[in-house]
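Chains A and B are the protein sequences, given in the same order. First residue of the first sequence: 433, per my numbering; consecutive thereafter. First residue of the second sequence: 433, per my numbering; consecutive thereafter. Right, one structure below, let's go through it.
There are 2 protein chains.
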Amino acid sequence: MTEMPLPAPGATERTRIRRIPENAVPDRAALHHVLDAGLVAHVSVSDESGQPYVLPVAYARRGEEVVFHGSTGSRLFRSLADGQPTCLTVTRLDGLVLARSAFESSMNYRSAMVLGTARRLSGDDELDALRTITEHLLPGRWADCRPPSAKERAATMTLALALDECSVKIRTGGPEDVPEDVTDPVYSRVWAGTVPIHEDFGTPIRSEECLAEVEVPGYITDWRRP
Amino acid sequence: MTEMPLPAPGATERTRIRRIPENAVPDRAALHHVLDAGLVAHVSVSDESGQPYVLPVAYARRGEEVVFHGSTGSRLFRSLADGQPTCLTVTRLDGLVLARSAFESSMNYRSAMVLGTARRLSGDDELDALRTITEHLLPGRWADCRPPSAKERAATMTLALALDECSVKIRTGGPEDVPEDVTDPVYSRVWAGTVPIHEDFGTPIRSEECLAEVEVPGYITDWRRP
């Protein structure tokens, strides 16, 4: 179980972790690690009526910001570009934590939350962000694939959110049973521990349109999730 | 690639899928499937200033609603119980989709979004919801573990969100390259296809406080992710 003092990186009163604060992680390296370990982020955006939506997006960390993209035709994405406050959260699950009690049972996870206002990118800066997202998903791919055309670029909205106001929570380790459960005649006979969760890649499946003589590149076969 | 007509289950003007609508899935069985396949949901909640937060939560589908829980001490969770509009999204990633172009590259995924207002559960209804969450994470566990005490119940806030207004998006299959890339002298030599992503469970790790003679139950060793 991670137990580190507050504050979290870029912590403010809004991101100070009030619940189970011992899972809060203070250092910037941990923030970067969690953001680098995820493949999908969930971003909040509200419509005119105040109804919130939580959208899954591909993203990447680029230095001290996260970049993500959507369609220029998306009403919700345009709201983000117009300066609506947002939150982007990345969560990786690492295991089920099975205590004797339902209450103490939990999950091991790594989660980072970034608050702020996104800014829209353009020009070479946007192209660099798109490259960073592709490389985050699969390092080595950008050099191989065709970069976006002017028309494709026009259909893409790329946003950046600075890592100014963030929180990170990481839970590791086994269950923390209450002492009464550990010595209880019934519940001491219940299996307790963790079940790891792994996110792995399977065997690549060639597209029907891909020539059989084109070998699967090493950057695909050799890649392992952080 | 899934291509099914609109509308999505419980679709309204707010949840009608405008972007890549061919990924929208209309049937209720698909909605249930996606919610049953996830382990974590991301829920939106705003503070008094209108700043949104996206929180990862354990959850489960219970019939035609999703149930999830948090701490009664959580200011944000109390806002949800007080009737703030919210959105709960579940996303499972199934693969990287590698087209010849960065623009047509994508991910295979299953995602469900539920809009509405949560209601707080109590009494036997709440206990049933807590059971459902535990059983969703690991079927068979509830009968083994100690149910929550009155004190633990008092520290837990359990919420339900009806599946009244929802959307489901599912992408499957390989890349859909533009014809020019498939025949291009350079890009026809680029490997194209999908890299499956699997979420699997590893070998259970016994807690130091768990007696060595307590065998790992079959509901743990036999469980496979949907």
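Note that beta-carbon positions come from the ideal geometry of N, C-alpha and C, so glycine has one too. Here the structure is a predicted model, which is why all the values come from computation and not from measurement.
Is there a Cβ of chain A sitting closer than 8 Å to that of residue i, yes or no?
| i | result |
| --- | --- |
| residue 491(B) | no |
| residue 589(B) | no |
| residue 625(B) | yes |
| residue 602(B) | no |
| residue 497(B) | no |
| residue 556(B) | no |
| residue 560(B) | no |
| residue 617(B) | no |
Got a sec: is the Cβ-Cβ distance from residue i to anything in chain B below 8 Å?
| i | result |
| --- | --- |
| residue 648(A) | yes |
| residue 434(A) | At residue 434(A) the pLDDT is 33, less than 50, meaning the model places this residue with poor confidence and gives no usable figure here. |
| residue 586(A) | no |
| residue 511(A) | no |
| residue 451(A) | Any reading at residue 451(A) is ruled out, since the residue's pLDDT is 47, under 50, leaving its predicted position unreliable. |
| residue 613(A) | yes |
| residue 471(A) | yes |
| residue 552(A) | no |
| residue 598(A) | no |
| residue 656(A) | no |
| residue 652(A) | yes |
Can you say whether residue i is buried or exposed, counting buried as having 16 or more other CB atoms within 10 angstroms of its CB?
| i | result |
| --- | --- |
| residue 562(A) | buried |
| residue 450(B) | Bear in mind that the predicted position of residue 450(B) carries a pLDDT of just 48, short of 50, making it too unreliable to give a figure here. |
| residue 468(A) | exposed |
| residue 558(A) | buried |
| residue 583(A) | exposed |
| residue 481(B) | exposed |
| residue 498(B) | buried |
| residue 515(A) | exposed |
| residue 466(A) | buried |
| residue 635(A) | exposed |
| residue 459(A) | exposed |
| residue 536(A) | buried |
| residue 531(B) | buried |
| residue 597(B) | buried |
| residue 630(B) | exposed |
| residue 644(B) | exposed |
| residue 617(A) | exposed |
| residue 461(B) | exposed |
| residue 615(A) | exposed |
| residue 571(A) | exposed |
Which residues in chain B sit within 9 Å of residue i, going by Cβ to Cβ distance?
| i | result |
| --- | --- |
| residue 633(A) | 527, 528, 627, 628, 629 and 630 |
| residue 500(A) | Within 9 Å Cβ-Cβ: nothing; residue 500(A) doesn't reach chain B, min ~13 Å. |
| residue 566(A) | 534 and 537 |
| residue 521(A) | 474, 485, 486, 487 and 488 |
Considering only their Cβ atoms, is the gap separating residue j from residue i smaller than 8 Å?
| i | j | result |
| --- | --- | --- |
| residue 642(B) | residue 624(A) | yes |
| residue 528(A) | residue 592(A) | no |
| residue 589(B) | residue 513(B) | yes |
| residue 560(A) | residue 628(A) | no |
| residue 546(B) | residue 471(B) | no |
| residue 548(A) | residue 518(A) | yes |
| residue 651(A) | residue 573(A) | yes |
| residue 578(B) | residue 619(A) | yes |
| residue 494(B) | residue 604(B) | no |
| residue 475(B) | residue 511(B) | no |
| residue 586(B) | residue 653(B) | no |
| residue 610(B) | residue 576(A) | no |
| residue 600(B) | residue 487(B) | no |
| residue 473(A) | residue 569(A) | no |
| residue 639(B) | residue 607(A) | yes |
| residue 556(A) | residue 632(B) | no |
| residue 479(B) | residue 508(B) | yes |
Please list, in chain order, the chain B residues whose beta carbon lies closer than 7 Å to that of residue i.
| i | result |
| --- | --- |
| residue 482(A) | 517 |
| residue 547(A) | 483 |
In chain A, what lies closer than 7 Å to residue i by C-beta?
| i | result |
| --- | --- |
| residue 639(B) | 606, 607, 624 and 625 |
Please list, in chain order, the chain B residues whose beta carbon lies closer than 8 Å to that of residue i.
| i | result |
| --- | --- |
| residue 395(A) | Residue coverage of chain A in this structure runs from 433 to 658, which leaves residue 395(A) outside it and unanswerable. |
Name, please, each residue of chain A whose Cβ falls closer than 9 Å to the Cβ of residue i.
| i | result |
| --- | --- |
| residue 593(B) | Within 9 Å Cβ-Cβ: nothing; residue 593(B) doesn't reach chain A, min ~12 Å. |
So is residue i in contact with chain E if we call contact Cβ pairs under 8 Å?
| i | result |
| --- | --- |
| residue 610(B) | Given the protein chain composition of this structure (A and B), no chain E is represented. |
Near-chain A residues of the stretch 567 to 582 of chain B (beta-carbon distance less than 8 Å), N- to C-terminal order: Residues passing the 8 Å Cβ filter: 569, 570, 573, 574, 576, 577, 578, 579, 580 and 581.
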